[in-house]
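Visitor:
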Amino acid sequence: MKPILPLTLALLVTASAHAAAPTPTDPVAQKRAELLALNERIETRLDDAVGALSGVGDSADSRLIVSHVKGDAIKGLRTNLEALRSKREMLRDQALRYGGGAADELQAEVARIDQRIAKRIDQMIRIAASLDTPKEVDRYRTSFDGWNITQRESEAWQQNQISTTFARGERKEIVTGLQQAITRLEAESRKIRGMISPARTPRQNELLEADAERIDGLLAQRREQLKHALSASGPRRALDQEGANELRKLYTKLTADLSADTRSLMRKYSDYVTAVTAAAR
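Under the working numbering, residues 3 to 283 are what the sequence shown spells out, in order.
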């Protein structure tokens with residue numbers, strides 16, 4: 003059976019290298035525009051890739067090839083999430099340090115990063131939901147060779163066993179990650195509220211309070227996402243071994259492209275912060 007997904011991924015792989023970004027004369031506006039353009043490119047490609055991956059599954063022929071690609075995709079999304087989280091902390095710290103218009107500028111970008119982090123978690127949950135779930139499959143297949151009746155474990159039952167075992171492991175990792183994120187956010191909320199002090203300027207305390215409220219919102223979001231972390235989606239198009247191998251090759255190329263974009267994005271965040279803080283001096 004020829005797969006639909008590789009064509010979708012092929013279009014993503016051959017997409018233009020970078021979307022054209024406007025070039026304002028103001029350094030901060032220029033860096034912000036560059037960030038927006040690259041972020042939009044990454045989001046579009048991730049949306050399409052996640053949607054395509056979620057629509058296919060393994061067959062007895064492909065065994066776990068598709069499942070492993072999905073597992074790699076979940077790990078890649080987690081890596082991207084951690085990179086975004088590190089930049090979020092940097093932007094928040096600089097906002098507290100500089101205050102004024104720089105703080106407003108940086109806090110707005112922090113809010114955008116928070117949206118992307120939440121989206122990465124939703125994407126991980128969506129891919130995990132598309133992994134196999136236990137099915138009612140006859141365990142044994144009976145055959146007669148003219149002399150004897152024999153029973154063997156059916157390929158469908160074996161496939162369901164190995165694929166659902168893999169799926170349980172992936173979903174468990176997502177649940178564990180969300181539980182750890184909730185614990186970390188709870189500690190961060192307490193820490194930030196503990197930093198509010200009469201010794202600070204009113205503006206600094208205002209920024210700290212705003213960040214604490216934002217973290218409370220993230221906590222509510224993570225708790226809601228945790229409720230859906232073990233969900234399962236509907237039937238998927240099963241790929242044969244040829245289709246699954248083609249999928250793996252295309253996904254490897256797409257991953258390399260997205261990794262390069264992410265590294266570029268992290269540099270652009272640093273350039274953006276430099277421009278914002280330079281303008282504030």
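From the three backbone atoms N, C-alpha and C, an ideal C-beta is built for every residue, glycine too.
(1) Determine the closest residue to D116 out of P204, M92 and R216, with distance taken between C-alpha atoms.
(2) Of all the options L133, I194 and R205, which has the alpha carbon lying nearest to the alpha carbon of K174?
(3) Just to confirm, are V68 and G57 a CB contact at a threshold of 7 angstroms?
(4) Mapping the DSSP letters down to three states, classify G59 as helix, strand or coil.
(5) Around the C-beta of E248, are 16 or more other C-beta atoms found within 10 angstroms, so that it is buried, or is it exposed?
(6) Taking the alpha helix (DSSP H) that S272 belongs to, which residues open and close that run?
(7) Mark K33 as exposed unless 16 or more other C-beta atoms lie within 10 angstroms of its C-beta, in which case mark it buried.
(8) Does DSSP put A85 in a helix, in a strand, or in coil?
(9) By alpha-carbon positions, which one of A281, R87, R283 and S266 ends up nearest to L38?
(10) By the DSSP assignment, the alpha helix (DSSP H) with A110 in it spans what residues?
(11) Report back the beta-carbon spacing between V30 and A212 to the nearest angstrom; my notes put them in contact at under 8 angstroms.
(12) By how many angstroms is the C-alpha of V177 removed from the C-alpha of E188?
(13) Nearest by alpha-carbon distance to L180: which of I127, R239 and F168 is it?
(14) May I have the straight-line CA-CA distance separating K229 from D124, to the nearest angstrom?
(15) Whole angstroms are fine: how far does the CA of D242 sit from the CA of V275?
(16) Under a three-way DSSP split, which group does A51 fall into?
(17) Can you look up R65 in the DSSP assignment and give me helix, strand or coil?
(18) Give me, in chain order, the residues of the same chain whose beta-carbon lies closer than 8 angstroms to that of A104; leave out the 5 immediate sequence neighbours on both sides.
(19) Exposed or buried, which one is S64 when buried takes at least 16 other CB atoms within 10 Å?
(20) Rounded to the nearest angstrom, what separates R250 and V71 at their Cα positions?
(21) What are the boundary residues of the alpha helix (DSSP H) that includes D218?
Guide: Short version:
(1) R216
(2) L133
(3) no
(4) Looking at G59 - three-state DSSP - the assignment turns out to be strand.
(5) buried
(6) Q243 to A282
(7) With a 10 Å radius around the Cβ and a threshold of 16 neighbouring Cβ atoms, K33 comes out buried.
(8) helix
(9) S266
(10) G102 to A131
(11) Contact doesn't hold; Cβ gap of about 21 angstroms is too wide.
(12) One C-alpha to the other measures close to 17 angstroms.
(13) I127
(14) 12 angstroms
(15) 48 angstroms
(16) helix
(17) coil
(18) Q96, A97, V278, T279, A281 and A282
(19) buried
(20) 6 angstroms
(21) P204 to K229
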